[in-house]
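S.K.: To convert, take the position in the sequence shown, counting from 1, and add 468; that gives our numbering.
Heads up, the beta-carbon is just placed ideally off N, CA and C, and yes, glycines get one too.
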Amino acid sequence: MPRLQRPRRISDAPLLIAMSIATPAAAATSETQLWTTESVAIQAGKADLITLDASQRFRSGAANGEQQTARLLIDHGIAPGVQIGGGMAYFRSGAEQEMRLFQQVTLTRGIWLSRTRIEQRFLDTADKAGWRLRQRMQASVPLDRAKRWTLIAATELMFHLNRARPSDKTGLAVMRNQIGLRHPIAKALDVQLLYMRQQSFREGRADAVAHIPWLTLSWKI
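#1: Report, in whole angstroms, the separation of the C-beta atoms of N645 and T618, which I expect to be a contact under 8 Å.
#2: Whether or not the region 629-645 and the region 666-676 are in contact is what I'm after, with contact meaning three or more pairs of Cβ atoms, one per stretch, closer than 8 Å; do they touch?
#3: Please return the same chain residues whose Cβ sits closer than 6 Å to the Cβ of K496, not counting the five positions on each side in sequence.
#4: Taking the alpha carbon of L611 as the reference point, which residue from F590, I579, A632, K596 has its own alpha carbon closest?
#5: Quick check on the burial criterion: 16 or more other C-beta atoms within 10 angstroms. Buried or exposed for Q606?
#6: Taking DSSP as the reference, what is the three-state secondary structure of G529?
#7: Given that a residue counts as buried once 16 or more other Cβ atoms are within 10 Å of its Cβ, and exposed if not, what is I680?
#8: Compute the Euclidean distance between the alpha carbons of R600 and V659, then round it to the nearest angstrom.
#9: Mapping DSSP to helix, strand and coil, what is N645?
#10: Provide the residue(s) that pair with G555 in DSSP beta bridges, ordered along the chain.
#11: With the cut-off set at 9 Å, would you say D595 and A632 are in Cβ contact?
#12: Exposed or buried, which one is R589 when buried takes at least 16 other CB atoms within 10 Å?
#13: Using DSSP bridges, identify the partner residues of A724.
#14: Please classify P470: is it buried, with 16 or more other beta-carbons within 10 angstroms of its beta-carbon, or exposed?
#15: I489 to G513, Cα distance in whole Å?
#16: Taking only the alpha-carbon atoms, compute the straight-line gap between E534 and N630 and give it to the nearest angstrom.
#17: Give me the Cα-Cα distance between D516 and G549, rounded to the nearest whole angstrom.
#18: Do G555 and I542 have their CB atoms nearer than 9 Å?
#19: On a CA-only basis, which of G598, F570, L569, G648 is nearest S608? Give me that one, please.
#20: Rounded to whole angstroms, how far is the Cβ of I586 from the Cβ of Q571, which I believe are closer than 8 Å?
#21: Nearest by alpha-carbon distance to R527: which of A656, R560, S582 is it?
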C-alpha cells in the first residue's frame, strides 16, 4: 500500500487518501445498494462515550439480500486523541445471522482519524468464529469558517485472519472507499451523506464491487 504523504494543504487530504488506495477492479461483478443508519451518541462521562446505532442495507439477492444491523459501542479516552473501546453487534439477512464482538483503538489528530478494530464474528453458517482486522483512515475537512459543512474522505481495509468457512479468503478481503458531506440540521442532530465503493476480494471468483449511497442521521446527547 503506498505511503501517505503529508498534505501541503488541508484540502489535499481527501485526494491523498483516495489516491493511496485506488485500485481498478479486474473482471469484477458490480451492483448498486442503498444503506441508511440512525445513530445516538451518549456522553456518559468526561472520558466515556456510548454509541447505539441501527442500519438498513438494501441489497440484491446476489449480496445475500437486505440486511438489518444493531450495534452497541463504548469508547473510553485514555489520553488526548486516544480512545480504546469495544462492543457487540447483530446482523440479520435472509441468508444468515451474525453476532459480533469487537475491540478497537481510535487515534485522532487535527483532521485525521485512524481506527484499528479486531472483530470476532459468529455466523450461523460457520462452525467457528471468524477473526477479522479492520484498519480505517479518515480525513474530516471543514469547508467553511463556521464548520457547518465538513468533507469526509475515508478508506478502510479488512483482513480475514482465519477461515471460519472453507470458502473464506484469508488476507485482504474487503476494501471500502468513502467520500461525502456532513452537516448539522439541528442543535444535536447531524446528517451525513456518503458515496461508498466497496470491493470484496474472493478466491476463485471475480471480485464483487458495490456502489453504495449511505445516509446517516446522528444524534448527540
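M.R.: Once the coordinates are examined:
#1: Along the sequence shown, one-based indexing puts residue 645 at 177. Along the sequence shown, one-based indexing puts residue 618 at 150. Not quite, the Cβ-Cβ distance comes to about 18 Å (not below 8 Å), so this is no contact.
#2: yes
#3: Mapped onto the sequence shown, residue 496 falls at position 28. Contrary to the premise, residue 496 reads as Ala rather than Lys in this sequence. The residues are A674, D675, V677.
#4: Taking the first residue of the sequence shown as 1, we reach residue 611 at position 143. Out of F590, I579, A632, K596, I579 has the C-alpha closest to the C-alpha of L611.
#5: Sequence index remark: in the sequence shown, residue 606 carries index 138 (1-based). Taking all protein chains in view, the Cβ of Q606 is crowded by 16 or more other Cβ atoms within 10 Å, so the residue is classified as buried.
#6: Sequence index remark: in the sequence shown, residue 529 carries index 61 (1-based). G529 falls in the helix class under three-state DSSP.
#7: Against the sequence shown, residue 680 aligns to sequence position 212. Buried, because 16 or more other Cβ atoms sit within 10 Å of the Cβ of I680.
#8: Working through the sequence shown from its first residue, we reach residue 600 at position 132. Working through the sequence shown from its first residue, we reach residue 659 at position 191. Taking the straight line joining both Cα atoms gives about 29 Å.
#9: Counting from 1 along the sequence shown, the entry for residue 645 is found at position 177. Correct three-state label for N645: strand.
#10: As a first step, residue 555 must be located in the sequence shown, where it is residue number 87. DSSP, once it has assigned bridges, lists L541, F570 as partnering G555.
#11: Indexing the sequence shown from 1 puts residue 595 at position 127. Indexing the sequence shown from 1 puts residue 632 at position 164. A632 sits close to D595, with the two beta carbons spaced by under 9 Å.
#12: Locating residue 589 in the sequence shown gives position 121, where the first residue counts as 1. By the neighbour-count rule (16 or more Cβ atoms within 10 Å), R589 is buried.
#13: Outside the displayed range of the chain (469 to 689) lies residue 724, so it cannot be described from this structure.
#14: Taking the first residue of the sequence shown as position 1, residue 470 is located at position 2. No answer about P470 holds up, because its pLDDT of 45 lies below 50 and its placement is not dependable.
#15: As a first step, residue 489 must be located in the sequence shown, where it is residue number 21. As a first step, residue 513 must be located in the sequence shown, where it is residue number 45. Confidence at I489 is low in this model, with a pLDDT of 45, below 50, so the placement of that residue should be treated as unreliable; the coordinate-derived value is given next. Each residue's alpha carbon lies about 37 Å from the other.
#16: For this step, residue 534 is matched to residue 66 along the sequence shown. For this step, residue 630 is matched to residue 162 along the sequence shown. In this structure, the CA atom of E534 is about 26 Å from the CA atom of N630.
#17: Taking the first residue of the sequence shown as position 1, residue 516 is located at position 48. Taking the first residue of the sequence shown as position 1, residue 549 is located at position 81. C-alpha separation (whole angstroms): 13 Å.
#18: Indexing the sequence shown from 1 puts residue 555 at position 87. Indexing the sequence shown from 1 puts residue 542 at position 74. Taking 9 Å as the Cβ cut-off, G555 and I542 qualify as a contacting pair.
#19: The count along the sequence shown starts at 1 and reaches residue 608 at position 140. It is G648.
#20: Here residue 586 refers to the residue found at position 118 of the sequence shown. Here residue 571 refers to the residue found at position 103 of the sequence shown. The Cβ separation is near 5 Å, so the contact holds.
#21: The residue given as residue 527 occupies position 59 in the sequence shown. Minimum Cα distance to R527 is reached at R560.
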